[in-house]
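To keep things clear, I will list the structure first and then write my remarks on it.
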Amino acid sequence: MASLDNDDTKAAILDCHICIVGAGIGGLMMGILLERADIKYTILEKHPFHNPLGSAICLEPSVQPLFRQLGLMDEIHRLSKPFGAMVFREDNLDIIGIFSAQTPLNINDRYGGYNRIIARRDLCALLAAQIPKEKIKFGKRVLEVRQNAGEVIIRCSDNSVHHADILVGCDGAYSAVRQGLYADLSAKGDLPKQDNAPMGYQYDCLVGVTDPMDPSKNPSLAGKFSEFQTILAKNADCSYWCIPLVGNRISWMVVKFHNKGRKYAEDQLFKHSGWGAEAAELMSYEFREFITTYGCELGELMDNTPKGSMAKVMLEEKFYKTWYKGRVVLTGDAVHKVLPFGGQGANQCIHDVLALTNLLVQLKSNTVPDIEELFESYFKARSPIGRTVVNMSSRVGNLMNRKGMMNDIIRKVALRHMPRWLSQIINDKWSYDRPQLECIPFVQVPGEFQPRPQKRSVYVPASLVEREPTCG
């Protein structure tokens, strides 16, 4: 990695205030990065307390150097299991094929770490613990966003008003920040037709994480690696997944496909999109008798899931062309919503907020022209990969969830006949960018295949301008 060795080039980061909407993975990670950069920020979260629902998250090697740089990798190891394999099965549990993290290519040796499988709740709790409590404001549902030449003004449902130099929307697929921004652009005739099109979805998803199960009855729970079990139902257009987590817990997911897809206007989707316990309970009855590899039916895993934490969510995918305007910028699912099956949602969101923060430390002034110039650099850096993962999302979803002659053939070829050289080319492409925060010291990245070189920023936190002897 290239480094700076001239103390005279150091400069303090511009004084500005960032407002982040959303205390999910992206919003919390952005808060941590701004905290390390000594940039003022506030996080607004619509819920009255932090209670993240959902299933498991896969942290790829591409984001692990950042966690290592932030001093969080030991905790990630404690809270997660390394991904070992994904076993695809018929609904009679016969094996279709296996995707392994060790053959034909050893991911750990090549990139310095396995994918880490962690409960979403555990990851959010770890990230939230790194942020001073007073900087996360709960019960702040955004109702209105206004901006002028000097600031952006955010009005919330509790009648509070917040002022900032920049507003960052990290509030997910049904982003209130995006809806407000797009309403203004649409009224002026400046919103691309694609961005104004109704959202649609093809999958309903039911998810949960069990309480600790008995490892004597389920020996695979105590294994070092997390071995996914993905079962394709024969007589129902759906699949169901079981994923071992630390603490003898099982993350489970049922995915149901809609042949013709469904389309709703965004405000309708917002009304139907909650991770609601009642909707989840109703949907669960359809799948309780599905058998699992743990010697029980899926219903037993549902019964061992804490009441109120089982969730139903609508899965959709869409790439948006408009990522910013004036003092407002969007990240993650707010601009590139993907299906969860390829494990890209959380990882790409982390990449977004890291790229944005690495640019924010270079902000020349708090004027709109300079802010929009920075946002354009962010868009050019991140939108190509955002478009790529959205385009891949549907194909990966079909491969992992749907039956049919073509999908069966592709699945068998990919799982049974993937040569090492092809696996390496694919994984090298995804793992070349393993970036770190550029305004604080880098850490060494393990692995045979080293990441794209980065250069330390000449702009560093004010606390480091005086005391840091070198920047490398």
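When we follow full-length UniProt numbering, the leftmost residue of the sequence shown carries the number 1, and every step to the right adds one.
Even for Gly, the Cβ is constructed at its ideal location relative to N, Cα and C.
Distance, residue j Cα to residue i Cα
{"i": "Ile237", "j": "Leu181", "result": "Checking the sequence shown, residue 237 turns out to be Asp, not Ile. Cα to Cα, the separation comes out at about 37 Å."}
{"i": "Leu33", "j": "Ala197", "result": "34 Å"}
{"i": "Met30", "j": "Pro435", "result": "14 Å"}
{"i": "Gly139", "j": "Ser160", "result": "10 Å"}
{"i": "Ala85", "j": "Ser226", "result": "7 Å"}
{"i": "Lys325", "j": "Ile13", "result": "23 Å"}
{"i": "Val142", "j": "Pro192", "result": "24 Å"}
{"i": "Thr42", "j": "Arg411", "result": "46 Å"}
{"i": "Ala233", "j": "Cys124", "result": "32 Å"}
{"i": "Arg416", "j": "Pro61", "result": "24 Å"}
{"i": "Glu278", "j": "Met314", "result": "14 Å"}
{"i": "Glu228", "j": "Ser365", "result": "The sequence shown places Phe at residue 228, not Glu. When rounded, the distance between both Cα atoms is 49 Å."}
{"i": "Arg387", "j": "Leu59", "result": "20 Å"}
{"i": "Met302", "j": "Ser284", "result": "8 Å"}
{"i": "Pro384", "j": "Pro340", "result": "19 Å"}
{"i": "Val254", "j": "His162", "result": "40 Å"}
{"i": "Tyr294", "j": "Asp91", "result": "14 Å"}
{"i": "Tyr240", "j": "Arg420", "result": "28 Å"}
{"i": "Gly24", "j": "Thr305", "result": "22 Å"}
{"i": "Ile243", "j": "Leu185", "result": "43 Å"}
{"i": "Gly308", "j": "Ile371", "result": "42 Å"}
{"i": "Asn218", "j": "Arg249", "result": "10 Å"}
{"i": "Ser80", "j": "Gly299", "result": "25 Å"}
{"i": "Lys188", "j": "Ile96", "result": "53 Å"}
Proximal residues to residue i (C-beta, below 7 Å), its chain only, five neighbours per side dropped
{"i": "Glu297", "result": "Arg288, Glu289, Phe290 and Ile291"}
{"i": "Val338", "result": "Glu317, Gln344, Gly345, Val389, Val390 and Ser393"}
{"i": "Leu72", "result": "Leu126"}
{"i": "Glu448", "result": "Asp109 and Arg110"}
{"i": "Asp38", "result": "Ile13, Pro461, Ala462 and Ser463"}
{"i": "Leu282", "result": "none"}
{"i": "Val368", "result": "Ala149, Gly326 and Arg327"}
First and last residue of the uninterrupted alpha helix (DSSP H) at residue i
{"i": "Lys135", "result": "That residue, Lys135, is in no alpha helix (DSSP H); it is neither H nor E in DSSP."}
{"i": "Ser186", "result": "Ala176 to Ala187"}
{"i": "Glu35", "result": "Ile25 to Arg36"}
{"i": "Gly326", "result": "Segment: none, Gly326 is in no alpha helix (DSSP H) and carries neither H nor E."}
{"i": "Tyr111", "result": "Ile107 to Tyr111"}
{"i": "His351", "result": "Gly345 to Leu360"}
{"i": "Ile426", "result": "Arg420 to Ser431"}
{"i": "Cys124", "result": "Arg120 to Ala128"}
{"i": "Leu415", "result": "Met405 to Arg416"}
Contact under 7 Å by Cβ, residue i with residue j
{"i": "His47", "j": "Ala128", "result": "no"}
{"i": "Ile166", "j": "Arg395", "result": "no"}
{"i": "Ala414", "j": "Leu53", "result": "no"}
{"i": "Tyr114", "j": "Phe83", "result": "yes"}
{"i": "Leu356", "j": "Tyr378", "result": "yes"}
{"i": "Ser251", "j": "Val209", "result": "yes"}
{"i": "Ile20", "j": "Arg120", "result": "no"}
{"i": "Leu206", "j": "Met213", "result": "no"}
{"i": "Lys256", "j": "Asp204", "result": "yes"}
{"i": "residue 481", "j": "Val329", "result": "Here the chain covers residues 1 to 472 and nothing more, so residue 481 does not appear."}
{"i": "Val335", "j": "Ser457", "result": "no"}
{"i": "Asp190", "j": "Tyr320", "result": "no"}
{"i": "Pro104", "j": "Ser423", "result": "yes"}
{"i": "Glu438", "j": "Asn347", "result": "no"}
{"i": "His258", "j": "Gln202", "result": "yes"}
{"i": "Val443", "j": "Arg68", "result": "yes"}
{"i": "Phe99", "j": "Thr230", "result": "no"}
{"i": "Leu44", "j": "Lys137", "result": "yes"}
{"i": "Ile426", "j": "Arg36", "result": "no"}
Extent of the continuous beta strand (DSSP E) run through residue i
{"i": "Ser100", "result": "Ile95 to Ser100"}
{"i": "Gln229", "result": "Ser226 to Leu232"}
{"i": "Trp241", "result": "Cys238 to Leu245"}
{"i": "Met86", "result": "Lys81 to Glu90"}
{"i": "Cys16", "result": "Neither: Cys16 is in no beta strand (DSSP E) and is coded neither H nor E."}
{"i": "Ile39", "result": "Taken as a continuous stretch (DSSP letters only), Ile39 belongs to no beta strand (DSSP E), as it is neither H nor E."}
{"i": "Ser72", "result": "The sequence as given places Leu at residue 72; Ser does not occur at that position. Leu72 -> no beta strand (DSSP E), and no H or E assigned at all."}
{"i": "Ile440", "result": "First-last for Ile440: undefined, no H or E at that position."}
{"i": "Ala56", "result": "Ala56 to Leu59"}
Own chain, CB closer than 6 Å to residue i, minus 5 neighbours either side, in chain order
{"i": "Gly26", "result": "Cys170, Thr331, Gly332, Cys349 and Val353"}
{"i": "His17", "result": "Lys40, Ala164 and Asp165"}
{"i": "Ile131", "result": "Gly31"}
{"i": "Pro65", "result": "Arg434, Gln436 and Val445"}
{"i": "Gly247", "result": "Pro212"}
{"i": "Lys380", "result": "none"}
Cβ neighbours of residue i in the same chain (closer than 8 Å, five flanking residues each side left out)
{"i": "Ala101", "result": "Pro82, Phe83, Gly84, Ala85, Ile107, Asn108, Tyr114, Asn115 and Phe225"}
{"i": "Lys271", "result": "Reliability fails at Lys271, whose pLDDT of 45 lies under 50, so the model's placement of it is uncertain and the value that follows must be treated cautiously. Excluding positions up to five away in sequence, the list is empty."}
{"i": "Ser273", "result": "The pLDDT assigned to Ser273 is 47, lower than 50, so where the model puts this residue is not dependable; a value taken from the coordinates is nonetheless given after this. Excluding residues within five positions, the ones whose Cβ falls inside 8 Å are Ala173, Tyr174, Val313 and Met314."}
{"i": "Ala11", "result": "Val458, Tyr459, Val460 and Val465"}
{"i": "Gln147", "result": "Ile153, Leu167, Gly326, Arg327 and Val328"}
Mind listing, in chain order, the continuous alpha helix (DSSP H) runs of no fewer than 4 residues lying wholly within the segment 277-315? Runs of the alpha helix (DSSP H) spanning 4 or more residues and lying entirely within the segment 277-315 occur at 277-284 and 298-303, in chain order.
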